[in-house]
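Okay, so here's the structure we're looking at.
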Amino acid sequence: MSRSGRTGKQEGHYDWGLVSVVTLLLGLGLVIVFSASYPRGLEGFDNPYYFIVRQLIWMVLGIAALIVTARIPYTVWDRWSIPIMGVALLSLLAVIIVGAERFGATRTYYNGSIQPSELAKIAIIIYVSAWLTSKGRRIRDARAGLLPFGVLMGIVAVLIVLQPEISTAILIVATAGIMLFIAGADLKQLAVVATIATGTFLVVIRYSSYAADRIERYLASVGNPLASEEWQVSQAVQALMRGGIFGRGLGNGLAQQDGYLPVSWSDNVYGVIGEELGLLGALLVIALFALLAYRGLRIALRAPDSFGMLLATGITALLILQALLNMAVIVAAAPPTGVTLPFVSYGGSSLVSTLAGIGILLSISRYSVQVGNRAGELGRYSYERVDLGRGDGGSRVSGLGRRPAARAGSYQSTVPRHPSVNDGRVRRGRGSSS
């Protein structure tokens, strides 16, 4: 390990396993986006490379964001969590007023190039991580923990639902709920959050013609998706069936042809993967996201402080939940949502924000707890103490909150130190949440 002369901190290495998984997903995404968008680019823009060139541009911007966030010490986000959250809320409000309307929703700026809700996902995770860390043991106090948490998530959800973008609101609330549980909330609190969220969701469906129409058409297709009135559902399932085990080959699918699977290069890209690469290709994508989950949770478990642990957990949970929801739509297990497949789908702000989140994960990995030559094995580390509201001083994560003594002759713990970490607790900056 190297030691920085300016800060006196010890820095480890980036998690190159995570980098490898993300690289594979990005590469697969480029191939599939090109295959799926080629006919549409030729027909609509007289340029078969129209979509892939833009995807490459956004990918370069996303990789630049990844490099920047990976090099910034992750505790900086703790200090800036309040301004970041403020900007996110203002952008969500502004898009409702002056945003561009596409596909019956007002979600974007500049004719669909920038989607504030995508950028707000990471901002909200940063703020919630800082806020939960600042509460400590008080997180189990309803007035200090559950009530303000519910108000915060309610404001965010309302701003996103008004666009309307219900699926993104569900993803953000679900991710925040996971973070609340990890931070030490008891099951009663989680039951209250789940009940309120479910009730709100039902009310939205009842009074939103946009949501009600999609849910109604989806429910009508349950049991026989091939005969569904929801064209997207039936075509997605048919695309998977046509693919078989080995697929029809790149560029040979019907899904990307006009009139078959809508926006096959974006929301429904998993259907193209299933048709052109077959069951094996579809399972490969699932395996890559499983590896992504493993690397992300590994970083969370080895984070040297509570803020890093919650931040890594939130980013990982968001990406995995989003991937599962996207794939669930393609197999008719969920109604069409408009949620993209991370790293793979065509998209601008979604790809940039996702790669920025990966950069933050890599930043956290630089300060991971190391245990001799056993650093690669989950559950065999010495942990910095994490105390996030559990009455016993421990944490929801197994192994956190206690440091097993190293046996003589077995291995020795080496904990990289960060200047904002003191015995496992974050030194709160002036910009921290209160």
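Residue numbers in the sequence shown follow the numbering used here, run continuously in steps of one, and reach 897 at the last position. From the three backbone atoms N, C-alpha and C, an ideal C-beta is built for every residue, glycine too.
What three-state label does DSSP hand residue i in the structure shown?
{"i": "isoleucine 641", "result": "helix"}
{"i": "isoleucine 535", "result": "coil"}
{"i": "valine 482", "result": "helix"}
{"i": "isoleucine 708", "result": "coil"}
{"i": "glycine 475", "result": "coil"}
{"i": "serine 873", "result": "For serine 873, the predicted model reports a pLDDT of 35, less than 50, meaning its position is unreliable; a value from the coordinates is still stated below. If DSSP states are grouped into helix, strand and coil, serine 873 belongs with coil."}
For the candidate residues the options, whose alpha-carbon lies nearest to that of residue i?
{"i": "valine 807", "options": "Arg603, Ile659, Gly525", "result": "Gly525"}
{"i": "proline 805", "options": "Ala797, Ile793, Ala795, Leu784", "result": "Leu784"}
{"i": "leucine 552", "options": "Ser816, Ile587, Leu774", "result": "Ile587"}
{"i": "isoleucine 545", "options": "Val561, Ile535, Ser597, Asn731", "result": "Ser597"}
{"i": "aspartate 676", "options": "Gly712, Pro799, Phe508, Ala605", "result": "Pro799"}
{"i": "glutamine 578", "options": "Ile762, Arg765, Gly820, Leu555", "result": "Leu555"}
{"i": "tyrosine 681", "options": "Tyr670, Val666, Ser697", "result": "Ser697"}
{"i": "leucine 650", "options": "Phe664, Ala605, Tyr670, Gly617", "result": "Ala605"}
{"i": "leucine 595", "options": "Gly734, Met772, Leu665, Ile535", "result": "Met772"}
{"i": "aspartate 768", "options": "Gly599, Val494, Phe508", "result": "Gly599"}
{"i": "glycine 507", "options": "Val494, Ile535, Val726, Leu665", "result": "Val726"}
{"i": "leucine 406", "options": "Met790, Ser828, Arg601, Gly801", "result": "The structure shown has nothing for residue 406, since the chain only spans 464 to 897."}
{"i": "valine 516", "options": "Gly801, Val494, Gly710, Pro536", "result": "Val494"}
{"i": "proline 536", "options": "Gly801, Leu787, Phe770, Ala786", "result": "Phe770"}
{"i": "leucine 788", "options": "Tyr670, Ile762, Asp730", "result": "Asp730"}
{"i": "glycine 801", "options": "Ser580, Val666, Ala527", "result": "Ser580"}
Rounded to the nearest angstrom, what separates residue i and residue j at their Cα positions?
{"i": "isoleucine 547", "j": "leucine 615", "result": "14 Å"}
{"i": "valine 624", "j": "isoleucine 668", "result": "11 Å"}
{"i": "valine 636", "j": "valine 496", "result": "29 Å"}
{"i": "serine 816", "j": "arginine 603", "result": "32 Å"}
{"i": "leucine 653", "j": "phenylalanine 644", "result": "7 Å"}
{"i": "leucine 743", "j": "arginine 705", "result": "13 Å"}
{"i": "aspartate 478", "j": "glycine 759", "result": "9 Å"}
{"i": "leucine 824", "j": "glycine 492", "result": "21 Å"}
{"i": "valine 591", "j": "proline 611", "result": "11 Å"}
{"i": "leucine 724", "j": "serine 630", "result": "20 Å"}
{"i": "isoleucine 736", "j": "alanine 796", "result": "17 Å"}
{"i": "glutamine 518", "j": "glutamate 628", "result": "23 Å"}
{"i": "glycine 608", "j": "alanine 648", "result": "8 Å"}
{"i": "glycine 490", "j": "alanine 632", "result": "29 Å"}
{"i": "histidine 476", "j": "valine 482", "result": "12 Å"}
{"i": "leucine 746", "j": "serine 826", "result": "30 Å"}
{"i": "glycine 714", "j": "serine 498", "result": "5 Å"}
{"i": "glutamine 701", "j": "alanine 557", "result": "39 Å"}
{"i": "proline 502", "j": "alanine 593", "result": "46 Å"}
{"i": "leucine 520", "j": "arginine 761", "result": "Checking the sequence shown, residue 520 turns out to be isoleucine, not leucine. Going by the C-alpha atoms only, they are around 31 Å apart."}
{"i": "tyrosine 512", "j": "glycine 734", "result": "21 Å"}
{"i": "leucine 665", "j": "arginine 534", "result": "43 Å"}
Excluding sequence positions up to five away, which residues of its chain have a Cβ less than 7 Å from the Cβ of residue i?
{"i": "alanine 756", "result": "Thr779, Ile783"}
{"i": "valine 619", "result": "Ile587, Ile635"}
{"i": "isoleucine 708", "result": "Gly741, Leu742, Leu743"}
{"i": "glycine 712", "result": "Glu739"}
{"i": "isoleucine 659", "result": "Gly613"}
{"i": "lysine 584", "result": "Ile635, Leu781, Ser816"}
{"i": "threonine 638", "result": "Ile588, Gly777, Ala780, Leu781, Leu784"}
{"i": "alanine 791", "result": "Ala797"}
{"i": "glycine 710", "result": "Glu738, Glu739, Leu740, Gly741, Gly744"}
{"i": "alanine 763", "result": "Met772, Ala775, Thr776, Thr779"}
If you drop the 5 nearest sequence neighbours on each side, which residues of the same chain put their C-beta closer than 6 Å to that of residue i?
{"i": "glycine 810", "result": "Thr803"}
{"i": "serine 500", "result": "Phe514, Trp728"}
{"i": "valine 656", "result": "Gly640"}
{"i": "tryptophan 540", "result": "Ile589"}
{"i": "asparagine 510", "result": "Gly504"}
{"i": "glutamate 840", "result": "At glutamate 840 the pLDDT is 38, less than 50, meaning the model places this residue with poor confidence; the figure from the coordinates comes in the next sentence. Around glutamate 840: no qualifying Cβ."}
{"i": "leucine 898", "result": "Any property of residue 898 remains undetermined from this structure, which presents the chain solely from 464 to 897."}
{"i": "glutamine 695", "result": "Pro725, Pro799"}
Does any CB atom of chain D fall closer than 9 Å to the CB of residue i?
{"i": "valine 531", "result": "This model lacks chain D altogether, as it is built from one protein chain only."}
Are residue i and residue j closer than 9 Å when you measure CB to CB?
{"i": "alanine 699", "j": "isoleucine 793", "result": "yes"}
{"i": "glutamine 626", "j": "isoleucine 560", "result": "no"}
{"i": "leucine 622", "j": "glycine 822", "result": "no"}
{"i": "glycine 480", "j": "leucine 754", "result": "yes"}
{"i": "methionine 522", "j": "leucine 814", "result": "yes"}
{"i": "arginine 765", "j": "serine 812", "result": "no"}
{"i": "threonine 776", "j": "methionine 642", "result": "yes"}
{"i": "leucine 488", "j": "valine 732", "result": "no"}
{"i": "threonine 486", "j": "alanine 819", "result": "no"}
{"i": "threonine 661", "j": "glycine 617", "result": "no"}
Grab me the residues of residue i's own chain with a C-beta within less than 8 Å of its C-beta, minus the 5 sequence neighbours each way, in chain order.
{"i": "alanine 868", "result": "Low confidence applies to alanine 868: its pLDDT is 35, below 50, so where it sits in the model is not reliable, and the reading given next is rough at best. Once the five neighbours on either side are set aside, alanine 868 has no close Cβ partner at all."}
{"i": "isoleucine 678", "result": "Ile668, Pro798"}
{"i": "valine 550", "result": "Ala586"}
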